[in-house]
Structures are given as C-alpha cells and as structure tokens.
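Under mature numbering (1 follows the signal peptide of the UniProt record, and there is no 0), the letters of the sequence shown match residues -17 to -1, 1 to 201, in that order.
C-beta: ideal position from N, C-alpha, C; glycine also.
Here the structure is laid out as structure tokens; the discussion comes afterwards.
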Amino acid sequence: MAATLVFAALIATPLVAATLQAPQPKGALYNPRDYPQSAMRNDEMGVARIRVTVSPKGKPIDCAVIYSSDTESLDKASCAVMLARGSYTPAQDATGQPLYGVVRRLVSWSFGLSSANHRAFEERNQPSDIDIIVTVTALPAGLVAPVAVIADVLVTPTGQIADCNADAGGAVPVELAQLACVQAKALSHAMPAVDPTGVAVMSVQQIKLAFITEPAAK
C-alpha cells in the first residue's frame, strides 16, 4: 500500500531507543544440506517469503509461505527447517515482558552459482519485503531514497496496533521513525498471532516501510 504526505526537511536529532521489540534471530539457520534433493535434481531455484510466529520462549511455532518460490519442495523446506531448528530472542513489550512475536523473512534457494551470479539471481527473483510505501517531499539531510524503516508494532488479539517502535537499526532520525509509526498505525490492520491452541494473542510484529521522495506540486 502507499501513502503520500507532505514532509518538511528535518534537522539531525537523537536516535530512537529500542524498547518494544520483535523477535530477533539467533545465528544462521539454513545450510546446503537442507536443499531438497528433488529440487536439486531438477535444477530448481527460487526465493520464498515466510511469516513465522515465535513463542515467548523464542521457539517458532507456526510458519506460512506468503510469497512462493514457485517450487513446492522449496516452499515446504523453507518452513520445515524454520520450525525444526529456528531460534529467536523472544519479542518483548515496552516493559520487557516476553510476548508472542511475528516476523517475515526471505529464504533464498540456489546452488552451483558463483558469488556474483548468486547476487544477480537474488536481484532477479527476490520478492518485495516492503509492507508500506510512504511518499514524502523531502528526507532528512544525508538520507537518500528509498529509505527502509523497520517498525516493531504491538498487535492486539483483534489486530489493532496498540504501540510502535521504529529505529531502522539506529540509522534514522527520530522524526522519520515517528512518521513510520504514524503510518504503521494509520494504514495497517495486522493479522493477530495465535497460540498453539488457536487462540489469538497479543504479539509484537515487524512492519517494513519504504520512504520515497516526490517533489511537492507547484
């Protein structure tokens, strides 16, 4: 989805401190041994995007493919490996209380490619991981569009966004982070997380926004 708004030039300001936080992965997960043999025999490669629900203890409990690699075995392996070996630092609310969390990630499957060809493969095949596009008239000094901002949002069992924290890893001024949260709250009705019994629960989820520029009409 996209939004267009007027955004005045900004001055440098302190960075947003992270409090509310979505699950954070612990180390690498996928390795060449995970490649499905049938896909390898048929020279099948692709990139899948998955949605992972993580328990308050940091264990993935559910996984769904939200963008297919166009190969069933690769899609299945994307989630199977995640559920079998995935490990995360749990999500937490603004008080540090562990919560359920939801993250989205890309899983790239390729083999027999040089580093340069692998990068080219990912550029050709990678699905967009942007959830919201925001058009502004100007960005803070030193930033060049597009600028990606990760917002961690507190999602209620009914899908409402109750809180938000955004800092893009400490690279974005406060005003831009605050605008990311304004847009996340205004434009997003999130899918709530569910526990292993199927009950909707409070969760911290990641939303990725991209800020692009367009001069104001004269």
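Measuring CA to CA, which of the options is closest to residue i?
i    : options                   : result
A176 : L162, K168 and A47        : A47
M23  : V187, E55, I113 and G79   : E55
R87  : N148, L159, T36 and G69   : T36
K42  : T141, P179, V117 and L192 : P179
I113 : L3, A5 and L192           : L192
G181 : K9, D45 and P8            : D45
A26  : P156, L3 and L57          : Residue identity check: residue 26 is Asp in the sequence provided, not Ala. It is L57.
T196 : I33, K40 and A121         : A121
Y13  : A31, L3 and Q4            : A31
With a 10 Å radius around its C-beta and 16 neighbouring C-beta atoms as the bar for buried, classify residue i as buried or exposed.
i    : result
I49  : exposed
F94  : exposed
S38  : buried
P15  : exposed
N148 : buried
D53  : exposed
With DSSP run on the structure shown, which of helix, strand or coil describes residue i?
i    : result
P129 : coil
A60  : helix
S97  : coil
K168 : helix
P15  : helix
S21  : helix
On the DSSP bridge assignment, give the partners of residue i in chain order.
i    : result
N148 : D135
V119 : T196
I33  : V48 and R88
A74  : L82
K191 : I133
Inter-stretch contact at 8 angstroms, needing at least 3 Cβ pairs: the stretch 158 to 175 / the stretch 131 to 139: Contact annotation: the stretch 158 to 175 touches the stretch 131 to 139, with at least three C-beta pairs closer than 8 angstroms.
Cβ contact check for the stretch 101 to 111 and the stretch 71 to 86: 3 or more pairs under 8 angstroms: no
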